[in-house]
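A.B. asks:
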Amino acid sequence: MSAVRFRRRAVGVVSVLVMAVCGPLTMSSAAQAQAPTGTATTPAVVKGKHSVVTWGASADRQGAGPADRSYRLIVRTSVGGTNMRIRLSNAFGDHPVTFASAYAGLQQQGAALVHGSNRQLSFGGAASVTVPAGETVLSDPLPGKLAAQANLVISLYVTGAQGPTTGHGMAMQTNYATSGNHAAEEGAANWTDPMGSWYWLDAVDVETSTAIGSVVTLGDSITDGWASTTDENRRWPDYLSRRLQAASGITVKGVANEGISGNKVLADGAGQAALNRLQRDVLSQPGVRTVFLFEGINDIKAHSGVTVDDMIAGYQQIIDRAHAAGKCVVGATVMPFKGWSEYDAAAEAVRQGVNEWIRNSGALDAVTDFDKITRSPYDQQLILPFFDGGDHLHPNDKGMQAMADAVDLGSLTSC
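In our numbering, the protein residues as written are 64 to 478.
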């Protein structure tokens with residue numbers, strides 16, 4: 064198990080909620096007509112309930128997209144609830160984009176939906192919305208229940224797209240696209256273009272008890288799931304999500320995966336640096352109780368002159384900003400990478416220095432020792448072969464599960 068150390072802060076007494084199993088996205092038309100609405104800055108709130116992020120994927124700049132195209136995006140929920148909303152992002156666009164229609168349904172198989180599950184979303188009461196360059200928009204709440212651990216399908220018909228799009232490049236999930244407007248269709252026949260990315264959609268939230276919160280995992284390709292099995296939700300945050308759902312007495316139930324392949328703490332490149340995307344990808348998400356910080360290997364192995372002190376300063380900024388926003392911060396040690404092409408003694412020395420600080424500084428509310436869990440007992444600079452996804456850096460499915468199992472669930476509510 065992980066080495067966990069707590070720096071206790073004032074904690075209120077939190078009641079335990081045993082969640083009922085949620086049904087599909089269904090509700091009467093009369094109830095739909097009475098549904099409340101919310102905006103990107105003023106979420107709909109019901110007494111005793113609040114919005115909690117159930118899925119997330121970090122936005123980044125993608126290539127130019129067709130001007131008349133439908134996208135079918137498959138995401139896995141973590142926490143269940145009611146009044147689901149989606150967040151659409153044009154954060155990296157340089158032109159307005161129009162979402163002419165948007166639907167939410169449940170996956171049957173591939174691009175096919177469960178019959179009768181596909182329901183239209185609205186934005187300020189309208190079926191379509193235009194999002195200016197650099198901005199995001201929340202849908203109105205969709206009445207009805209959305210189950211935990213459900214394969215939610217968001218179908219978008221996008222018009223007028225110009226220039227760069229906004230999306231998440233490495234989904235580890237097969238999604239679908241097609242020309243023209245097919246968002247309302249439940250069948251798979253017209254969805255002829257499989258793709259490995261998510262576009263436009265960067266978060267989904269649900270309404271649940273104020274006792275329930277979420278954890279956001281801030282990281283790089285290991286968190287993003289590289290080397291895990293595509294379409295099987297075997298990233299380590301997925302395994303963590305399943306553990307949280309099964310656990311009793313734990314009020315953190317949601318997990319939003321905000322990893323970006325190649326991402327760094329200090330420098331932009333593969334996505335904005337963690338320091339620069341912290342507000343958008345993490346702190347702006349509703350219902351977040353804990354930030355799980357597991358990042359740094361890309362800074363270290365790049366040989367850009369980054370020192371242990373540089374890394375500590377970056378981590379400390381993230382910790383301070385998260386604490387100022389009222390969040391717990393759990394940190395994880397940087398895993399071994401001997402055998403990767405950029406490995407050398409100088410980079411290894413920085414990794415060891417960083418891990419020493421993570422374990423012993425007391426700056427974090429809790430620590431999970433991923434390094435200790437995944438390293439070989441015969442060469443502690445090498446990932447255990449049983450966990451190696453093949454490149455000596457990224458863990459396979461077994462390694463991902465071991466990482467999730469190493470997290471002390473109680474540490475996610477440690478402050």
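Cβ coordinates follow ideal geometry from the N, Cα and C atoms, glycine included.
From a predicted model like this one, the values you see are computed outputs, not experimental measurements.
Just to confirm my understanding: we take Lys435, look at its own chain, exclude 5 residues before and 5 after, and list those with CB closer than 6 Å. What are they?
C.D. replies: Counting only Cβ-Cβ distances below 6 Å, and skipping sequence neighbours, we find nothing.
A.B. asks: If you follow the beta strand (DSSP E) that Leu281 is in, where does it begin and where does it stop?
C.D. replies: Here the beta strand (DSSP E) through Leu281 covers Gly276 to Gly282.
A.B. asks: DSSP state of Met466, grouped into three classes?
C.D. replies: Of the three classes helix, strand and coil, the one that applies to Met466 here is helix, per DSSP.
A.B. asks: Kindly indicate the opening and closing residues of the beta strand (DSSP E) around Lys327.
C.D. replies: First-last for Lys327: undefined, no H or E at that position.
A.B. asks: Can you name, in chain order, every residue of its own chain whose Cβ lies under 7 Å from the Cβ of Asp460, other than the five neighbours on each side?
C.D. replies: Contacts found: Ser291, Thr292 and Arg297.
A.B. asks: Please identify the residue among Ala266, Gly143, Ala387 and Met235 whose C-alpha is closest to the C-alpha of Gln308.
C.D. replies: Of Ala266, Gly143, Ala387 and Met235, the residue nearest in Cα terms is Gly143.
A.B. asks: Just to confirm before moving on: does the CB-CB distance between Gly259 and Ser284 stay below 9 Å?
C.D. replies: Their beta carbons are not under 9 Å apart, which means Gly259 does not touch Ser284 by this criterion.
A.B. asks: What's the C-alpha gap between Leu215 and Asp442?
C.D. replies: Computed Cα separation, rounded: 42 Å.
A.B. asks: Secondary structure at Leu176, three-state DSSP: helix, strand or coil?
C.D. replies: Strand at Leu176.
A.B. asks: Taking the straight line between their C-alpha atoms, what separation do you get for Leu427 and Asp331?
C.D. replies: Answer to the nearest angstrom: the Cα atoms are 24 Å apart.
A.B. asks: Using 9 Å as the threshold, is the C-beta distance between Asp265 and Ala388 below it?
C.D. replies: No, Cβ-Cβ distance for Asp265 and Ala388 is not below 9 Å.
A.B. asks: Need the endpoints of the alpha helix (DSSP H) that Arg297 sits in, please.
C.D. replies: It is not in any alpha helix (DSSP H) - Arg297 carries neither H nor E in the DSSP assignment.
A.B. asks: Cα-Cα, which of His158, Lys327, Ile382 and Ala465 is closest to Ser424?
C.D. replies: Out of His158, Lys327, Ile382 and Ala465, Ile382 has the C-alpha closest to the C-alpha of Ser424.
A.B. asks: Looking at C-alpha atoms only, which residue of Val192, Leu445, Tyr166 and Asp432 is the closest neighbour of Asp468?
C.D. replies: With distances taken between Cα atoms, Asp468 lies closest to Asp432.
A.B. asks: With respect to the beta strand (DSSP E) encompassing Gln377, which residues constitute its N-terminal and C-terminal limits?
C.D. replies: Inspection of the sequence shows that residue 377 is occupied by Gly rather than by Gln. Not the beta strand (DSSP E): Gly377 falls in the alpha helix (DSSP H), residues Val371 to Ala387.
A.B. asks: Leaving out the 5 sequence neighbours to the left and right, which residues in its chain are closer than 8 Å to Leu472 when beta-carbon positions are compared?
C.D. replies: Counting only Cβ-Cβ distances below 8 Å, and skipping sequence neighbours, we find Arg306, Leu307, Ala310, Ile313 and Val315.
A.B. asks: Nearest to Met147 by CA position, among Ala163, Val116, Val160 and Thr161, is which residue?
C.D. replies: Minimum Cα distance to Met147 is reached at Val116.
A.B. asks: Taking the continuous beta strand (DSSP E) assigned at Leu346, which residues delimit it?
C.D. replies: Taken as a continuous stretch (DSSP letters only), Leu346 belongs to no beta strand (DSSP E), as it is neither H nor E.
A.B. asks: Helix, strand or coil, according to DSSP, for Asp268 in the structure here?
C.D. replies: In the structure shown, Asp268 sits in a strand (DSSP, three-state: E or B).
A.B. asks: Hey, quick one: how far does the beta strand (DSSP E) through Ala127 stretch, first residue to last?
C.D. replies: Counting along the chain, the beta strand (DSSP E) containing Ala127 begins and ends at Asp123 to Ala127.
A.B. asks: In terms of DSSP beta bridges, what is Gln183 paired with?
C.D. replies: Paired residues: Tyr166.
A.B. asks: Which residue spans inside the region 407-477 form an unbroken alpha helix (DSSP H) run of at least 4?
C.D. replies: For the region 407-477, whole alpha helix (DSSP H) runs of length 4 or above, ordered along the chain, are 408-423, 433-437 and 460-469.
A.B. asks: Please report the distance separating the alpha-carbon of Ala167 from that of Ala410.
C.D. replies: Computed Cα separation, rounded: 46 Å.
A.B. asks: Spatial neighbours of Asp131 within its chain, please: CB distance less than 7 Å, with the 5 preceding and 5 following residues excluded, ordered by chain position.
C.D. replies: Closer than 7 Å at the Cβ level, and outside the excluded window around Asp131, lie Thr222, Ser242 and Gly243.
A.B. asks: Which residue comes first and which comes last in the beta strand (DSSP E) that contains Asn146?
C.D. replies: Where Asn146 is concerned, the enclosing beta strand (DSSP E) stretches over Gly144 to Ser152.
A.B. asks: What residues are listed by DSSP as bridge partners for Val160?
C.D. replies: Val160 is bridged to Val194.
A.B. asks: For Thr140 versus Leu184, is the C-beta spacing smaller than 9 Å?
C.D. replies: Result no, Cβ atoms of Thr140 and Leu184 do not sit closer than 9 Å.
A.B. asks: Verify whether the separation of the beta carbon atoms of Gly156 and Val194 is less than 9 Å.
C.D. replies: Yes.
A.B. asks: Assign His245 to one of two classes, buried (16 or more other C-beta atoms within 10 Å of its C-beta) or exposed (fewer than that).
C.D. replies: Classification of His245: buried, given that the 10 Å Cβ count is 16 or more.
A.B. asks: Thinking C-beta only, is Pro349 closer than 9 Å to Gly322?
C.D. replies: Cβ distance not < 9 Å, so Gly322 and Pro349 don't count as in contact.
A.B. asks: Less than 9 Å between the C-beta atoms of Ala165 and Ile217, yes or no?
C.D. replies: For Ala165 and Ile217, yes; Cβs fall inside 9 Å.
A.B. asks: Less than 9 Å between the beta carbons of Val278 and Val328, yes or no?
C.D. replies: For Val278 and Val328, no; Cβs fall outside 9 Å.
A.B. asks: What residue range is occupied by the uninterrupted alpha helix (DSSP H) comprising Asp256?
C.D. replies: Run containing Asp256: none in the alpha helix (DSSP H); it sits in the beta strand (DSSP E), Asp256 to Met258.
A.B. asks: What does the Cβ neighbour count give for Thr476, buried or exposed, with the cut at 16 atoms within 10 Å?
C.D. replies: Buried, since its Cβ has 16 or more Cβ neighbours within 10 Å.
A.B. asks: Specify the secondary structure class of Gln97 as computed by DSSP and reduced to three states.
C.D. replies: Interpretation of Gln97 is limited by its pLDDT of 29, a score under 50 that renders its predicted location unreliable; the figure taken from the coordinates is listed afterwards. Looking at Gln97 - three-state DSSP - the assignment turns out to be coil, as it is neither helix nor strand.
A.B. asks: Looking at C-alpha atoms only, which residue of Ser439, Trp420 and Thr437 is the closest neighbour of Val430?
C.D. replies: Out of Ser439, Trp420 and Thr437, Trp420 has the C-alpha closest to the C-alpha of Val430.
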